[in-house]
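Q:
Protein chains: 6
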Amino acid sequence: MRVLVVNPNSSASMTALIGECARASVGPGVVVDAIDPGAGPVSLESHYDEAIAVPHLLGVLEREGAAYDGFVIACFGDPGLHAAREILTGPVVGIAEAAMRTAAYLSRRFSVVTTLPRVIAHTWSIARDYGVADLVGGVHACRIPVVDLETDPEAYATILAACRRALAEDGSEAIVLGCAGMADLCARLSKELEVPVVDGVAAATAEVEKLVRLGLSTSKHDGYAAPPAKEIRVLR
Amino acid sequence: MRVLVVNPNSSASMTALIGECARASVGPGVVVDAIDPGAGPVSLESHYDEAIAVPHLLGVLEREGAAYDGFVIACFGDPGLHAAREILTGPVVGIAEAAMRTAAYLSRRFSVVTTLPRVIAHTWSIARDYGVADLVGGVHACRIPVVDLETDPEAYATILAACRRALAEDGSEAIVLGCAGMADLCARLSKELEVPVVDGVAAATAEVEKLVRLGLSTSKHDGYAAPPAKEIRVLR
Amino acid sequence: MRVLVVNPNSSASMTALIGECARASVGPGVVVDAIDPGAGPVSLESHYDEAIAVPHLLGVLEREGAAYDGFVIACFGDPGLHAAREILTGPVVGIAEAAMRTAAYLSRRFSVVTTLPRVIAHTWSIARDYGVADLVGGVHACRIPVVDLETDPEAYATILAACRRALAEDGSEAIVLGCAGMADLCARLSKELEVPVVDGVAAATAEVEKLVRLGLSTSKHDGYAAPPAKEIRVLR
Amino acid sequence: MRVLVVNPNSSASMTALIGECARASVGPGVVVDAIDPGAGPVSLESHYDEAIAVPHLLGVLEREGAAYDGFVIACFGDPGLHAAREILTGPVVGIAEAAMRTAAYLSRRFSVVTTLPRVIAHTWSIARDYGVADLVGGVHACRIPVVDLETDPEAYATILAACRRALAEDGSEAIVLGCAGMADLCARLSKELEVPVVDGVAAATAEVEKLVRLGLSTSKHDGYAAPPAKEIRVLR
Amino acid sequence: MRVLVVNPNSSASMTALIGECARASVGPGVVVDAIDPGAGPVSLESHYDEAIAVPHLLGVLEREGAAYDGFVIACFGDPGLHAAREILTGPVVGIAEAAMRTAAYLSRRFSVVTTLPRVIAHTWSIARDYGVADLVGGVHACRIPVVDLETDPEAYATILAACRRALAEDGSEAIVLGCAGMADLCARLSKELEVPVVDGVAAATAEVEKLVRLGLSTSKHDGYAAPPAKEIRVLR
Amino acid sequence: MRVLVVNPNSSASMTALIGECARASVGPGVVVDAIDPGAGPVSLESHYDEAIAVPHLLGVLEREGAAYDGFVIACFGDPGLHAAREILTGPVVGIAEAAMRTAAYLSRRFSVVTTLPRVIAHTWSIARDYGVADLVGGVHACRIPVVDLETDPEAYATILAACRRALAEDGSEAIVLGCAGMADLCARLSKELEVPVVDGVAAATAEVEKLVRLGLSTSKHDGYAAPPAKEIRVLR
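Residue numbers (the numbering used here), protein chains in the order written: chain A, 1 to 236; chain B, 237 to 472; chain C, 473 to 708; chain D, 709 to 944; chain E, 945 to 1180; chain F, 1181 to 1416.
1. Are there three or more Cβ pairs, one per stretch, closer than 8 Å when the region 358-373 of chain B is compared with the region 336-346 of chain B?
2. Only counting runs of 3 or more residues, tell me where the beta strand (DSSP E) segments fall wholly within the region 351-410 of chain B, in order along the chain.
3. Enumerate in chain order the residues of its own chain whose CB-to-CB distance from E/Leu1104 is below 7 Å, with the five nearest sequence positions on each side excluded.
4. Could you work out which residues of chain F lie near D/Arg817, taking near to mean beta carbons separated by less than 7 Å?
5. Per DSSP, what kind of secondary structure is F/Val1183 in: helix, strand or coil?
6. Could you list the residues in the region 378-412 of chain B with a C-beta less than 8 Å from some C-beta on chain D, going in chain order?
7. Assuming B/Ala391 and B/Ile254 form a contact by the criterion Cβ under 8 Å, report the distance between their Cβ atoms to the nearest whole angstrom.
8. Below 8 Å on C-beta distance, what does F/Ser1228 contact in chain E?
9. With distances taken from CA atoms, which of B/Val431, B/Cys415, B/Lys456, B/Gly436 is nearest C/Pro668?
10. Can the beta-carbon of E/Gly971 be found less than 8 Å from the beta-carbon of D/Pro736?
11. Would you mind reading off the limits of the alpha helix (DSSP H) that contains A/Asp247?
12. Can you tell me where the alpha helix (DSSP H) holding B/Asp435 begins and where it ends?
13. Per DSSP, which residues does A/Ser111 bridge with? Please list them.
14. Just reading off the alpha helix (DSSP H) that D/Gly923 is part of, what are its end residues?
15. Check this for me: beta carbons of D/Val909 and D/Ala933, under 8 Å apart or not?
16. Which class does D/Gly735 belong to by DSSP, given the choice of helix, strand or coil?
17. 8 Å is my cut-off, CB to CB: does E/Arg1072 come that close to chain A?
18. Within 10 angstroms of its Cβ, does C/Arg474 collect 16 or more other Cβ (buried), or is it exposed?
19. Which class does A/Val93 belong to by DSSP, given the choice of helix, strand or coil?
20. Compile a chain-ordered list of the residues in the region 182-196 of chain A whose CB is closer than 8 Å to at least one CB of chain F.
21. Any beta-carbon of chain D closer than 8 Å to the one on E/Asp1078?
22. Can you say whether B/Ser249 is buried or exposed, counting buried as having 16 or more other CB atoms within 10 angstroms of its CB?
23. Any idea if D/Ala732 is buried or exposed, counting beta-carbon neighbours within 10 angstroms, 16 or more meaning buried?
24. Check each candidate in E/Arg1108, E/Ala1110, E/Cys1130 and name the one with the smallest Cα separation from D/Leu924.
25. Which residue comes first and which comes last in the beta strand (DSSP E) that contains F/Gly1250?
26. Hey, out of E/Leu1155, E/Glu989, E/Ala1101, whose CA is closest to E/Ile1064's CA?
27. List the residues of chain D whose Cβ lies closer than 9 Å to the Cβ of E/Asp1166, in chain order.
28. Helix, strand or coil for C/Gly537, going by three-state DSSP, please let me know.
29. Would you say F/Arg1281 reaches chain E, if we count a Cβ-Cβ gap shorter than 8 Å as a contact?
30. For C/Pro699, which three-state DSSP category applies?
31. Chain A partners of F/Ser1399, CB-CB under 7 Å?
32. Please check if any C-beta of chain F sits within less than 8 Å of the C-beta of A/Ala206.
33. To which residues of the same chain is A/Arg118 closer than 6 Å at the C-beta, ignoring the five residues directly before and after it?
34. Quick one: what's got a C-beta closer than 6 Å to E/Val1037's C-beta in the same chain, skipping five residues either side?
35. Going along chain F in order, which residues have a C-beta closer than 8 Å to the C-beta of A/Arg213?
36. Taking all protein chains shown into account, do 16 or more other C-beta atoms lie within 10 angstroms of the C-beta of E/Ala995, making it buried, or fewer, making it exposed?
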C-alpha cells in the first residue's frame, strides 16, 4: 500500500517533519511519501493562504495520484479536501477531521490547541461541520506563528501551557493539536499531560491506511463524483 | 458608491447577465461593475472547479479592490468568500448567503432549486453553515448544467417545474434560486409561482449597497484580519 | 419608496431618535416615517410589556399600512413580527433579526450588548430562532433601563465598557446593539471600539429598502397568509 | 388546590369543552375552573389572532390570578406564556409544551396533527423551542378550521385519517393533538389507533397539578421576574 | 393508583429516603412503594456501576411490575429506562428526564448540581438527548460521593455552595439536583436560594401519577414494543 | 498487537462470522480474537436484550482484557461502550460509531440499513450522539431478525433491495450496515451497488488497530476514569 501525504504549504522542513510523523503511524508494508507543491505560501494561516495553496495541492494530487492508494491533506483546516475527493479514486483524509473524530473515540470532551487567535472561530466552524462541536470544550491559541513552531525555543513550553490551561478551564479529557507543525510534539505532550494528545498527521495517515485496507474509498455517486469535464481558460 | 460584482467563472456571457441583474437591484447613485477573471473554468459545478477559480477571483479583487466600496461573489457556493473578506476592507457578500438569509425575512420555509444533483448535499451543508437549515424544506436539482442555462430552450420550463415540485413536496412558501445563471428568470418565475423567488445576485448586490450605506464592513479583528504577511513561492 | 418604522413603545422621544437613525440609513428617494402607537408601555422590557404593546402596534400598521411599501418593527425583541407579516402585503423586518443577520456578514463571532439581565436568556432564544446562535459569543447586559438610555449621563460610558468586556471575554469580532434606544450611539461606539457595531434600526430599515427595491415581499402561501376572517368579540 | 384553565379565544362552547377535559385530568381535591376572556377572536388560527387575544388573556389572569394556585393556557400555540409567567406567582403551563414533553415520555417519535396547513411551519418552530424537534416525525394538518371542530360531522373521521397517515408516513409511535378543540376526541382516537394520543389540555392541567403539589413555581430570578413597573399610556 | 419507585442501587437507607420523598410528591389515593434490588453496586457513579445494576433493576420490574400502574427509575443517569419501557405496560419515568423537563416549565436557564466531576460531560450528553441542552447554563460537581451524601456533615453546606456558584456563574434561574441522594435537601435549598430547586425523585413520581391518571402509557408501536422473544443462555 | 472483538450476544456462529470479518480487516502482525460471553440473549434486538447482555460482555472484558491491546464491541447499538472504556486501559470502539464515522470520510450523505423497524428511531438517536445525524439520509429496516440473517436464503436479496431503496429515496451516496450479522455481505453489496458499503465490524477493528499503533487510548481523566471502588452486593 502506498500513501501520499501532501503538505499544502511550501515549507520543505515542515514536509520532512510531517513525513516522519506520518511514517511512524503506519503498519508494515505501507509506504508513505510526504510531498509539498514547492510553490505557494510557506505556511497556511488564513483563508487567503489556503485559497492560494489549494490549486498547487490539487496539481500535486493530479500529477502523483495514480501512483498511490490513499491520500492525506496535512494542514489543520483541511484545505481542498472536497476537491481532492472529486479528482481521486483513492480515499482522502484531512488531518482536522481525522484528529477530531479520533479524539471522539477517546474522551467525552476534548480541547483544540491551535496557533493563532484568528483561527479560533473557524476551528469551531470546522468542528460543527464534522459533527463534534458538542464534544469540544474549547479552542485555545498558543499565539505561535506556524513557521516559528520549528525554531522558537519556547514553542514546546508555550504549547504545553496552552494545553494545561485548556484541560483546566474546559474540563476536557484530551487534546487535539490544531496544526501539522505540532505533530512531532505529540508524544512528549501526551506523556507530560497524562491525557491523550491527538496529532492529525498521524491520525489521518493511519485512517487512510485503515480505509485502503478495508477496500473503502470515496463514493463516486453525486457529492464527490469526478468534476464535470469543461473548458478551463488560461490567461495569456 | 461603487460595487464590484465578480463572476468567478470565465463565461463572459454569464458575466453580462449577472451584471444586468446586479445593476437592476441597486438604488440611484450606485455604480455596479460586473467582471470575471477571464481565466479558469467556464462554469463552477464542483469543488474542484471552485478551487481552480478562487485564486483568479482573488486576483481580480486584489487588482480592482481599491476602486470599489463593496463586493459580491456571484456563484452560489460562495467560493473564496472568507479569503476575500481577509484581503479587502469593503464588505463582501456571497450570493448563497444573501439569498438564503433574504428568504428568511419572507417565509417560514423555503426550498432551493439548483442545477445538478451533485450539489444537493453540499447545499444542505451551506444552509447549516448559514444557520438557515431549519427553514429549508428541500433542495431540488433541475438537472441542467450551468452553461446550458442560457441556451437550453427548455431551461425555463424545467426550472419552473422543479420549483412547483419543490413547493408541493416540501410545503415551502418561497424559492431560492441556487445558481447565478438563473438570475434573469427570477421575476418571471415569481410572477408565475405567486411566491417570492429570491435570486442571490440581486440579493447580494443590494446587501452590499445596504452595508456600505450603513458604514459597515468586515471586522478586522481576528477571524477576517488581513492575512499574515509571508513568503509565497512561485514555481519556475 | 415609503418605509414606515414603528416604535412599539409609547415614548415620543425614542420615536424621534429612531426616526433620525432610520432616515440616515436609506438611499435617495426613500421616505421614512417613524411613528409610535401613542399608547401602551413607555418602554418594552418584558414579555408582558410586549404583549400589551403589540395590538397597538398592529393597529398602527392596519391604519397606516396601505400608504407604505415596507415596514420596520423597532424593538429588539421583534414583537408582533409574525402577526405584522400576516396583515401586510409589504415586507416587514424586525430590528433583532436584521441586526443579527447583518452581523453575520461581517464577522465570525459577535456579541450582543443589551439593557437588563432579565432579557439575556431570551436573547439567546431569539438568536437560536434566527439561526445565528453558533455565531454569538455572548450576551451582555449594561444594566441601564430603556428609558434611562436617553437621560443617564453615564449611559455611553457604561455601554462602551460592556462592549469592551464582551469583545474581550467572548473573543468576539463585532457588536450587536440589543435595544432600539441605543441606535444613536452606534457610530461613536464603532469608531472607538474599532470593530463593526450593528444597530438594528439602521439595519432593518436598510433591509426593508433592499427588499422593496428587489420587489420581494412576504410570501402569502401558508405561514404568513392573511389571517382567516373571523368574529372578534369586543367587551362592552 | 385551585387551577385556572384559560381558553384565550372567546368561544364559550370551546371553553366548556376544555373545562370538562381539564377537570377529568386532575386528582381528588383539585378544583379546576375554565374561563375565557369573553372578548377577542372566536378562535386563534394566526399570529394576528394570538396577538389580539393575549392582552385579554393577561387581563383575565391579572384579575383572577390571586385566587388560583396554578394556570393553564389552553391554546396550542401557547400564546402569552412567557408574559403570564412574569405576572403570576403560581406556575403556568401551555398546552403545546405540555403535550409535546408528555409525548417524549411515551415514545421515540411522535407526530403532531393540527388544524390548518398555515400553522405547520410554526409548529415545527415551537417543537424546536421546546427541544423536541428531533422526536417529531411530522406535522399534519387535517384542514378543519377550529370553530368547525365542534360542528363538522366529519371532524372525527377526518382527524382519525390524518392520524393514521401521520403514523404510517412518519414512522411515528404516538400522536400529539395540535388544538385544544380536539381535546374531547383524545380517548376515542387513542383506543382506535392503539397508540398514545396526547391532548395538551389534559397534559397541561395535570402538569400544573404536579408542579403545585411539588411546591414548584416559576423562578422570579431574571427571565420571568415581574415586569418592571412603568407608565402604560392609554388612548383617549 | 400504585406507583413503584425503584432505586437501582443496593443502599437500603437511600431507598428509604427516596421512598419518603416520592410519597410526599403524590396526591390522595396514590400508593407509592420504594424498592431496591438488594443486589448490585451500593451506589451508581459510573457507566460500569449502571451496567451491573440494570439487570437487577429489570428483574425487580419483571417480578413486581404487574402489581403497579406506573414506575420511576430513581437514579439520575436514568439507567435501564428504555429497557424498562419495553418490558412494562405502565409508564416509566426517569428522574433525570423528569427533573430537567420540569425545570423547563419554570425557568429560561437552569444549572445542574451533581456529585462527581466524572459525570459532568455525560450529564451534558443526557441534556442533549432530552432536548434541554440549550436551557442548561452549566453542570457543577459538589465532589461528594453518593454514599457520603447521607453521612457527610458538610454535605448540605457544600451542595448549597455549589448551587450558589452555579446560579452566579451560569446566570441560571433554577437548579436541578443531579442525584437521587439529594432528594431530601430540595425544599431547604429552594428556600435558602429563593429559586426553584427540582428534585428528580419527586418530579418523576408526580409525572408517573400524572401519566397514569391521564390514561397514558408507553407506546407499544416499534421503539418500545415488547422485546422479541428469544433464547437467553445461562452459564452453568 | 492483539485485538479482542467481543460479540455481546451468545450466538457462536455469529461470533465465528464476526471473527472472520474482523481478521480480514487488519494488517500484518495483528492478532484478532473473537469471543462471545457464552451466555445471555442469542441476539440483541431490544434495549432489554442489550441490558441483559452487557454484564456478560463486561465480564468477558474484565477476564480477558489484560491480554489485549484494544477492543471492539461487535453489536450495532454499541452496548456497554462507555462502561467498557471505564474498566479497560486499551482503546474500545463500537461498531456503530466506527461505521458511521468511517462513512463520513467517504460521502456527503449515507443511509443506514438495519434489521427491524423497532430500532429505526434509536438508530437516529445514536447518529445524533455520534454527531453524524446531518449526514444520515435515512434509516431503513430490511425486516429480517438477526438470527435469520445467516439462514434466510432471501437475506442477501432483501438487504440489497433495502440498500437500493435507501440510495434512491434518500439521495444517499453510501450505505452503513446496521448489524454485525451483515458483516460478511459487505463486499458483495458494495460491488453490486457501486457505492461504498461500510461494515462496522471491519471498521471498528481497523480503528482499534489504528488507535493502538498510534499509542492512543481512552482518557482516564474524568469521563472514562476507572469506576470508583465500591461494594457490589450479590444476591444469595
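We put the beta carbon where it would ideally sit given N, CA and C, even for glycine.
A: To lay it out plainly:
1. Because the criterion of three Cβ pairs below 8 Å is met, the region 358-373 of chain B and the region 336-346 of chain B touch.
2. Complete beta strand (DSSP E) runs here, min 3: 372-377.
3. The beta carbon of E/Leu1104 sits closer than 7 Å to the beta carbons of Leu1133, Glu1136 from its chain, once the five residues preceding and following it are set aside; these are given in chain order.
4. Ala1301
5. strand
6. Gly407, Glu409
7. 16 Å between Cβ atoms; not a contact.
8. Looking at the sequence shown, residue 1228 of chain F is not Ser but Tyr. Chain E residues near F/Tyr1228: Leu1002, Ala1027, Glu1030, Ile1031, Pro1171.
9. Among B/Val431, B/Cys415, B/Lys456, B/Gly436, the Cα nearest to that of C/Pro668 is on B/Lys456.
10. yes
11. The displayed coordinates of chain A run from 1 to 236. Any statement about residue 247 of chain A would go beyond what the structure contains.
12. Segment 433-435 is the beta strand (DSSP E) holding B/Asp435; no alpha helix (DSSP H) there.
13. A/Gly138, A/Ile175
14. Looking at the DSSP string, D/Gly923 is not in any alpha helix (DSSP H), and its letter there is neither H nor E.
15. no
16. Here D/Gly735 carries a coil assignment [DSSP, helix/strand/coil].
17. At least one chain A Cβ lies under 8 Å of E/Arg1072.
18. exposed
19. strand
20. Ala187, Ser190, Glu194, Val195, Pro196
21. yes
22. exposed
23. Burial call: buried.
24. Taking each of E/Arg1108, E/Ala1110, E/Cys1130 in turn and checking the Cα distance to D/Leu924, the smallest one comes out for E/Cys1130.
25. 1250-1253
26. E/Glu989
27. Ser815, Arg816, Arg817, Gly879, Ser880, Glu881
28. helix
29. no
30. coil
31. Leu106, Ser107, Glu173, Ala174, Val195, Pro196
32. yes
33. none
34. Val1016, Ala1148, Glu1151, Val1152
35. Ser1205, Val1206, Gly1207, Ala1386
36. buried
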